[in-house]
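Participant: Quick one: the structure is below, questions incoming.
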Amino acid sequence: MNDSHPLSAAIIAGKRKEVPELVQACISAGESAQFIVENHLVPAMAIVGEKFKNNEIFVPEMLIAARAMKEALKILEPMLVEAGVVAEFNAVIGTVEGDLHDIGKNLVAMMWKGANIDVIDLGVNVPPAKFVEAIREHNAKLVGLSALLTTTMPAMRETVKAIREAGLTPKIMIGGAPITSEYANEIGADGYASDAGSAVDAAMALLKS
Ligand code: B1M
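The opening position of the sequence shown corresponds to residue 2 in our numbering, with each subsequent residue numbered one higher.
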């Protein structure tokens, strides 16, 4: 992975204020928005995810890197839309019904965006029917369910059931502090990730399977 480019390095270090100028320098050098995303942003966030997974950085550093990435996307997103560039995959994500915790879910959403996945974030306390509606509306290929409370784990089961009963077949990934891969198997989810860094690898494996 390449972190030697100044833009990638600034994102990894969370140097938000330096990012717009570095993006402009790439544009002036003739790089397309898509090239910048694929060659500087995605690798930078992959390194951030790897460092987080290995406990080399923690939640604050990750949020700071995410803020830096957002500065770049602010400039690049309108250019991507204008150029008709669409992300390769899309995903719907939310914290399940009854659960208001969103810090972990937001980190996963941010890492997925960093991997060039178009993420539709439904927020917190999301009822199963709302997941079903969003998957249909966006023809989502991946769904992420987050839960932080043991008492809201059953809402994950209900959500998986509602999605399958609606005849929808996106890959379903679950996560959150009380969640395990055994629980994912038990409720018929397709995958599980223990942290936001692993959530990218797991999502890619599911999307490409
Ligand atoms: Co709450 N809370 N909380 N809380 N809270 C916990 C979860 C708790 C463990 C605290 C404790 O008692 N020690 C406990 C749950 C106990 C249990 O169920 N076993 C608890 C409780 C009981 C409650 C309330 C019931 C308290 C009350 O009102 N009596 C209440 C419930 C409200 C509700 O949801 N209905 C409540 C409320 C709150 C606040 C609103 C005050 C606040 C949430 C603010 C917010 O999210 N905007 C809050 C917080 C902050 C916490 C703790 C302290 C921190 C959670 C957090 O953000 N961690 C938490 C204790 C703790 O964990 N130390 C606690 C950081 C975050 C980065 O980690 O969310 O685990 P995490 O996400 C990780 C992974 O889990 C994974 O990746 C993330 C990044 O690595 N991951 C996924 C998460 N989602 C994923 C999805 C994936 C893949 C990976 O795929 C789709």
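Every residue, glycine too, gets a C-beta built ideally from N, C-alpha and C.
Helix, strand or coil: how does DSSP classify D119 here?
Facilitator: Reading the sequence shown from its first residue, position 118 is the one you call residue 119. D119: strand per DSSP, three-state reduction.
Participant: DSSP on S210, reduced to helix/strand/coil?
Facilitator: Along the sequence shown, one-based indexing puts residue 210 at 209. Coil, per DSSP.
Participant: Can you find the residues in the same chain that come closer than 7 Å, C-beta to C-beta, to L42, ignoring five residues on each side of it along the sequence?
Facilitator: On the sequence shown, residue 42 is found 41 positions in, with the first residue counted as 1. Closer than 7 Å at Cβ, skipping near neighbours: I12, M70, A73 and G115.
Participant: Unbroken beta strand (DSSP E) runs of length 3 or more, entirely within the region 159 to 208: which are they?
Facilitator: Fully enclosed beta strand (DSSP E) runs of no fewer than 3 residues occupy 172 to 176 of the region 159 to 208, in order along the chain.
Participant: List the whole-angstrom C-beta distance separating P129 from T160, where the pair is believed to meet the contact cut-off of C-beta under 8 Å.
Facilitator: By 1-based counting over the sequence shown, the position of residue 129 is 128. By 1-based counting over the sequence shown, the position of residue 160 is 159. Yes, they are in contact, since the Cβ atoms of P129 and T160 sit about 4 Å apart, within 8 Å.
Participant: Short of 6 Å in beta carbon distance, which residues of its chain neighbour E62, apart from the five on each side in sequence? Order them along the chain.
Facilitator: For the purposes of this step, residue 62 is identified with residue 61 of the sequence shown, where counting begins at 1. Within the same chain, E62 has no close Cβ partners at all.
Participant: Do the CB positions of L123 and A141 come within less than 8 Å of each other?
Facilitator: Here the question's residue 123 lines up with position 122 in the sequence shown. Here the question's residue 141 lines up with position 140 in the sequence shown. It is not a contact, given that the beta carbons lie outside the stated cut-off.
Participant: From what residue to what residue does the beta strand (DSSP E) around G95 run?
Facilitator: The residue labelled residue 95 in the question sits at position 94 within the sequence shown. For G95, the enclosing beta strand (DSSP E) covers residues F90 to T96.
Participant: Give the single residue among E19, A10, V127 and A26 whose Cα lies nearest to the Cα of E98.
Facilitator: Sequence index remark: in the sequence shown, residue 98 carries index 97 (1-based). It is V127.
Participant: Note down, one range per segment and in chain order, each alpha helix (DSSP H) of at least 4 residues found wholly within the region 27 to 91.
Facilitator: 34 to 37, 43 to 54 and 60 to 83, all fully within the region 27 to 91.
Participant: Would you say the beta carbon of A190 is closer than 7 Å to some non-hydrogen atom of the ligand B1M?
Facilitator: Residue 190 sits at position 189 when you count from the first residue of the sequence shown. No, since every heavy atom of the ligand B1M falls outside the 7 Å radius drawn around the Cβ of A190.
Participant: Do M157 and L146 have their C-beta atoms within less than 8 Å of each other?
Facilitator: One-based indexing of the sequence shown puts residue 157 at position 156. One-based indexing of the sequence shown puts residue 146 at position 145. Yes; because the gap between Cβ atoms is below 8 Å, this pair is in contact.
Participant: Check the C-beta distance from A45 over to S9 and give it rounded, since I have them as a contact under 8 Å.
Facilitator: For the purposes of this step, residue 45 is identified with residue 44 of the sequence shown, where counting begins at 1. For the purposes of this step, residue 9 is identified with residue 8 of the sequence shown, where counting begins at 1. Contact holds; Cβ gap of about 4 Å.
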